[in-house]
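*Asks:* From first to last, the protein sequence lines are chains A and B. Counting along the first sequence from 1, when you hit position 226 you're at 264 in this note's numbering, and nothing is skipped either side. Counting along the second sequence from 1, when you hit position 154 you're at 1345 in this note's numbering, and nothing is skipped either side. All residues carry an ideal CB built from backbone N, CA and C; glycine is no exception. None of these values were measured; they are calculated from a predicted model.
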Amino acid sequence: MQEISSYLAPRRLDQALQAMADGAATVLCGGTDLALQTESGARHYKAKLLNIRRIDGLTGIEVKADQVRIGAATTVSDIRGNPELATIAPVLVEAAEHFASEQIRNAASLGGNICNASPAGDMIPPLLVLGASVELACWRDGAVQTRLMPLEGFFVSPGKTVKLAEELLTAVVFDRPAADFVARFKKSGPRPALEISTVSLALGARLSNGKLSEVRVAMGSVAPTPLRARHVEAVLEGKALDAASIAAAVASAAEDAKPIDDVRASAWYRGHLVRVFVEEVLNDVRGN
Amino acid sequence: MSVETEIRFKLNGREVSLTVPVTMKALAMLRDKLGLTGTKYACGEGECGACTIKVDGKTVNSCLMYAVDCDGRELVTIEGLRTPEGLHPVQQAFVDHGAVQCGFCMPGMIMQADYLVENNPELTREEAQRGLEGNLCRCTGYTKVLDAVEAVVEAKKCCGRC
C-alpha cells in the first residue's frame, strides 16, 4: 500500500494542477466517498493527498443568460438550496433533494459525485438530460489547459472515467434550458433517505403543442455506468405525448436497460422498475 | 503511517492547534486527540448520524470528514452547545419530552435538530422528519424527538430569544 508523502491544500487552481501533473495525487473534496473507499480498502491513496476545497473559483453556481456553470466543489446542499436552479433546472434540485442525508449533502460535492462514477450516482441522470458537459483542467506546457467534454462520454465502468490522472474536474456546464423544457427525476430504494438507488431515471425534453422534441432520457443503476436511453428517446422524439407513445416508450425501455442481479435488487426487478418509471414520468409530464 | 500536518481551527469557541495524520477523520481527532467523547462513533459510514458536528454552521458526519479539512474552520460539537446558564434549549426540550432512551444517538440527533431549528424558524414536523433522516435511533424513539423539536420551534416563535 502506498504511503502518503505529502498533503496539500492549495488556494489556486494552477497550484493544484501542478501538484497533479505527475498523476500521483488523490483528490479530496467532501471526502464522503473517499473516506469509505479508503477505509474499506477498495481504494488506495496515491503519494499526495490534495484537498481541493480551498481553491478559489471551484465553488459556486453561476447562471448566465445562455449557460449554467456549477463549480466542481459546490456541495449538493448548495444545489438543493439554489433558488435560480429551482426555477431553470428543477430536475437537478429534485435529485439533490433525495441525495443521501442532510449531513452528507452538506459535505458531498457535485464533482465528487460525478468522478466517483457510480452507476447509481444520483446527480448524473439529471445532468445527462440537461445535456451537461464537464470541464477538465490540467497543467501542461507550463500553463493551465482545459477541455470540455459531454458528460455522456465521461464514464467507462464503475469507478472509472476517461479523466486522466493529471486532470481535475473543475466544473459542470449546461445550456440554459428552453422555456418549454420539461424534466423529471425519480429514484427508487426502500427508504427515501440514504438510499443507493436501485434504479433512477431522468427525463428531459421540450414539450410544445403536446409534442416532444430534443428528448433525453437517462438511467442509473441499470448498467455499469449511468447511460442515455437512446431507444426510449428515439421512440418519443417528435411524437405527441399520448397513451400510445407512452406505451411504446415503456416497451422500448428494455432495449436500453441492461441491469444485473446484486445485493440491492434482481435484474428482473430493476427491469420492471425502469419500465414503471418511464411510464410514471411520462404520465406525470402529460398530466401537467 | 501517513504523513502528519499541523492544523488550526476554532472548536466550541476556542482556538485549537494540533498535528494530525492526514488521513485521520475529524471524529477520531475529536475523541482520541482532543478528548471530546460526546460525539459518538457508531456506523463509521455516514449512515447513522451519531457523529454529527457543525462545521462553519453546517452539520456533517465527522466520521467521513478528514481532520485536515478542519483547518481554518469553525467546529461546534455537542460539548459546545451548553450555555453558562445550563442546557441549550434543544437539549432541554429533549429532556422535557423524554426523547432520550439509551442516549447513544443523542449528541448527533441534538446537533442536527439544533441545525434545523436554527436554519428554519418555521420548521414543520414534516420538515424536521426529513431533516433528521440521516440520524438513526435504534431505540426507535423518533416520535418524542419530533415532539421536542416542535416544542423548540414553538418556544422560539414566542420569545424569539431561545
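Could one say the Cβ of S139 (chain A) lies closer than 8 Å to chain B's Cβ atoms, at least one of them?
*Replies:* Yes, contact with chain B.
*Asks:* Which one or two residues does DSSP pair with V173 (chain A) in a beta bridge?
*Replies:* Per the sequence shown, the amino acid found at residue 173 (chain A) is Glu instead of Val. Partner(s): A:L186 and A:A209.
*Asks:* Quick check for students: name the residue ranges of the alpha helix (DSSP H) that lie wholly in the stretch 1264-1332 of chain B, counting only runs of 4 or more.
*Replies:* Entirely contained in the stretch 1264-1332 of chain B, the alpha helix (DSSP H) runs reaching 4 residues are, in chain order, 1280-1287, 1297-1310 and 1316-1322.
*Asks:* With a threshold of 8 Å between beta-carbons, can I298 (chain A) be considered close to chain B, or not?
*Replies:* No, I298 (chain A) does not count as interfacial toward chain B.
*Asks:* In terms of residue numbering, what span does the alpha helix (DSSP H) encompassing P1212 (chain B) cover?
*Replies:* Counting along the chain, P1212 (chain B) falls outside any alpha helix (DSSP H), though it belongs to the beta strand (DSSP E) covering R1205 to P1212.
*Asks:* From L232 (chain A) to E1318 (chain B), what does the alpha carbon distance come to, in whole angstroms?
*Replies:* Rounded to the nearest angstrom, the two C-alpha atoms are 16 Å apart.
*Asks:* Answer with buried or exposed for R143 (chain A), where buried requires no fewer than 16 other C-beta atoms within 10 angstroms of its C-beta.
*Replies:* So R143 (chain A) counts as buried.
*Asks:* Kindly list, in the order they appear in chain B, the residues whose Cβ is closer than 7 Å to that of L6 (chain A).
*Replies:* Because residue 6 (chain A) is not part of the residues shown, which for chain A are 39 to 326, the question remains open.
*Asks:* To the nearest angstrom, how far is it from the Cα of E1238 (chain B) to the Cα of E190 (chain A)?
*Replies:* Cα-Cα distance, rounded: 30 Å.
*Asks:* T1243 (chain B) touches chain C at which residues, Cβ-Cβ below 7 Å?
*Replies:* In summary, chain C is missing from the structure at hand, where the protein chains are A and B.
*Asks:* Counting contacts by CB-CB distance shorter than 8 Å, is D1262 (chain B) in contact with chain A?
*Replies:* Yes, D1262 (chain B) counts as interfacial toward chain A.
*Asks:* For the beta strand (DSSP E) containing L241 (chain A), list its first residue and its last residue.
*Replies:* Unbroken beta strand (DSSP E) run through L241 (chain A): V237 to S246.
*Asks:* In three-state DSSP terms, what is Y307 (chain A)?
*Replies:* Of the three classes helix, strand and coil, the one that applies to Y307 (chain A) here is helix, per DSSP.
*Asks:* Identify each residue in the stretch 1315-1348 of chain B for which the Cβ-Cβ distance to at least one residue of chain A is less than 7 Å, and report them in chain order.
*Replies:* So the list reads G1322, E1324 and G1325, given in the order they occur along the chain.
*Asks:* If the cut is a Cβ gap below 9 Å, which residues of chain A does V1194 (chain B) touch?
*Replies:* Per Cβ cutoff of 9 Å: E41, I42, S43, S44, Y45 and L87.
*Asks:* Tell me which residue opens and which closes the beta strand (DSSP E) that A63 (chain A) is part of.
*Replies:* Element bounds for A63 (chain A): A63 to L66.
*Asks:* Taking all protein chains shown into account, do 16 or more other C-beta atoms lie within 10 angstroms of the C-beta of K102 (chain A), making it buried, or fewer, making it exposed?
*Replies:* Classification of K102 (chain A): exposed, given that the 10 Å Cβ count is below 16.
*Asks:* Which bits of chain B does R91 (chain A) rub up against, with CB to CB less than 7 Å?
*Replies:* Ordered by position in chain B, the residues that pass the 7 Å Cβ test against R91 (chain A) are D1260.
*Asks:* Under 9 Å, CB to CB, which of the residues in the stretch 210-232 of chain A have a partner in chain B?
*Replies:* So the list reads R229, P230, A231 and L232, given in the order they occur along the chain.
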